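Undergrad: Residue 122 is where the sequence shown ends in this note's numbering, and the numbering goes up by one at each step. Beta carbons: idealized from backbone N, C-alpha and C, even for Gly. Since we're looking at a predicted model, the values are computed, not measured. Before anything else, here's the structure in question.
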Amino acid sequence: MLMTQCAAPPPTGPMGRPSLLAARLAAESSGLPLHEILHVRRGRHASASARALAMYLAHVGLGEPMGRVALDFRRHRSTVAHACRRIEEHREEHGCDGWIDGLEQRLRRATEAGHGE
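Structural data, given as structure tokens:
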């Protein structure tokens, strides 16, 4: 039986600033190095969870289109959608709504002030 994998889209240039800021904040808040979140492979559970948070923050927190977030993180658009659903469920089920709200606010302030480059 021939099995094929759906490859992640190739990067089309440098990562967008909003996605990079979201990835940096997710790395900082999770205590992981940035390169683990940006790695093309899934990696360990903690890395995948932090990456999901970064994609969520870029899309929901900063309003980046899912397609752009997918390209920035070298993932399929459906992976970004899944990550956003996971974080929304986590917000509801685990009572970390305030923590994620705080991350969103920090991210918005950083983009408005032009920091984080």
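Would you call glycine 100 buried or exposed, if buried means 16 or more other Cβ atoms sit within 10 Å of its Cβ?
TA: Working through the sequence shown from its first residue, we reach residue 100 at position 95. Exposed.
Undergrad: Is the beta carbon of aspartate 77 closer than 8 Å to that of serine 35?
TA: On the sequence shown, position 30 is the one that residue 35 refers to. On the sequence shown, position 72 is the one that residue 77 refers to. Not a contact, by the Cβ cut-off of 8 Å.
Undergrad: Give the straight-line distance between the Cα atoms of glutamate 109 and histidine 81, rounded to the nearest whole angstrom.
TA: The residue given as residue 109 occupies position 104 in the sequence shown. The residue given as residue 81 occupies position 76 in the sequence shown. Distance between the alpha carbons of glutamate 109 and histidine 81: 23 Å.
Undergrad: If you compare alpha carbons, which of Val65, His40 and His64 is closest to alanine 53?
TA: The residue you call residue 53 lines up with position 48 of the sequence shown. Considering only alpha carbons, the answer is His40.
Undergrad: Please classify alanine 57 as buried or exposed, where buried requires at least 16 other C-beta atoms within 10 Å of its C-beta.
TA: For the purposes of this step, residue 57 is taken as the residue at position 52 of the sequence shown. Buried.
Undergrad: Which one of Glu69, Leu62 and Asp102 has the shortest CA to CA distance from alanine 28?
TA: On the sequence shown, residue 28 is found 23 positions in, with the first residue counted as 1. When only C-alpha atoms are compared, the closest one is Leu62.
Undergrad: Which runs of the alpha helix (DSSP H), 4 residues or longer, sit entirely within the region 71-118?
TA: Runs of the alpha helix (DSSP H) inside the region 71-118: 71-78, 82-99 and 102-118.
Undergrad: Can the beta-carbon of leucine 37 be found closer than 8 Å to that of alanine 55?
TA: Counting from one through the sequence shown, the residue named residue 37 turns up at place 32. Counting from one through the sequence shown, the residue named residue 55 turns up at place 50. Yes, the pair counts as a contact, with Cβ atoms nearer than the cut-off.
Undergrad: Give me the Cα-Cα distance between glycine 103 and alanine 88, rounded to the nearest whole angstrom.
TA: For the purposes of this step, residue 103 is identified with residue 98 of the sequence shown, where counting begins at 1. For the purposes of this step, residue 88 is identified with residue 83 of the sequence shown, where counting begins at 1. For glycine 103 and alanine 88, the distance between alpha carbons rounds to 19 Å.
Undergrad: Just the C-alpha distance for valine 65 and histidine 50, rounded to the nearest angstrom, thanks.
TA: The residue given as residue 65 occupies position 60 in the sequence shown. The residue given as residue 50 occupies position 45 in the sequence shown. Answer to the nearest angstrom: the Cα atoms are 22 Å apart.
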